[in-house]
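Peer 1:
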Amino acid sequence: MGMSAGGARASGGGRRRRGGRRGGAISEINVTPLVDVMLVLLIIFMVAAPMMTVGVPIDLPETQAKAMNADTQPITVSVNPKGEIFLQETPIGLDEIVPKLQAIATTGYNERIYVRGDTTAAYGVVMKVMARISSAGYKNIGLVTLQEQEK
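So for the sequence shown, UniProt numbering puts the first residue at 1; every next one is plus one.
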């Protein structure tokens with residue numbers, strides 16, 4: 001009778017490294033699903049981020065004016081088709097415009113204020129908003145429009 005060189009291993013009595021434990025914890029991370037999930041999330045955020053910058057939904061009139069360069073984000077006052085007034089994205093009343101502007105204006109009366117009026121908004125409401133802002137002493141008031149598309 002001879003003894004084999006493998007000893008107990010040849011007969012299956014020894015431990016196997018991979019696949020030997022059934023039900024034990026796997027300590028390896030499968031990176032492929034992780035990368036797939038991260039790429040999907042990246043695509044979702046790339047598509048969704050530009051959509052989140054839109055404030056109050058307004059259909060702006062078109063003009064032939066050139067786009068303005070802006071270093072800082074200006075204060076915007078918007079009037080929607082129903083005549084509702086918004087400061088940035090917060091709804092406010094006509095009487096609240098001046099106190100709220102004074103509270104958030106960082107450079108005082110030299111603050112740049114843009115008025116965005118919907119194409120179908122009543123002209124009188126937009127003019128009342130501009131009059132309130134102007135009578136409060138603000139001088140840098142501008143109307144926001146879209147550039148006219150050539151047809």
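Ideal placement from N, C-alpha and C gives every residue a C-beta, glycine not left out.
1) Going straight from the alpha carbon of Y109 to that of S134, what length do you get?
2) For chain B, is any of its Cβ atoms less than 8 Å away from the one on I92?
3) Can you give me the Cβ contacts of I141 inside the same chain, cut-off strictly under 7 Å, excluding the 5 residues immediately before and after it?
4) Whose C-alpha, out of E28, N30, V47, D95, is nearest the C-alpha of V125?
5) Restricting to Cα atoms, I'd like to know which of T76, P33, G23 is closest to P91.
6) Between the Cα of E111 and the Cα atoms of I43, V40, K139, which residue gives the shortest distance?
7) I'd like to confirm the pairing. Which residues does DSSP put opposite V144 in its beta bridges?
Peer 2: With the given structure in hand:
1) The sequence position of residue 109 within the sequence shown is 109, counting from 1. The sequence position of residue 134 within the sequence shown is 134, counting from 1. Near 10 Å, if we compare the C-alpha coordinates of S134 and Y109.
2) Absent from the structure is chain B; it holds one protein chain and no more.
3) Here the question's residue 141 lines up with position 141 in the sequence shown. Apart from the 5 residues on each side of it in sequence, I141 sits with its Cβ closer than 7 Å to the Cβ of I113, V115, M130, I133, S134 in its chain, given in chain order.
4) Here residue 125 corresponds to residue number 125 of the sequence shown, with the count starting at 1. With distances taken between Cα atoms, V125 lies closest to D95.
5) Looking up residue 91 in the sequence shown gives position 91. Out of T76, P33, G23, T76 has the C-alpha closest to the C-alpha of P91.
6) The residue given as residue 111 occupies position 111 in the sequence shown. The candidate whose alpha carbon is nearest that of E111 is K139.
7) Within the sequence shown, the letter at position 144 stands for residue 144. V144 has no beta-bridge partner at all, per DSSP.
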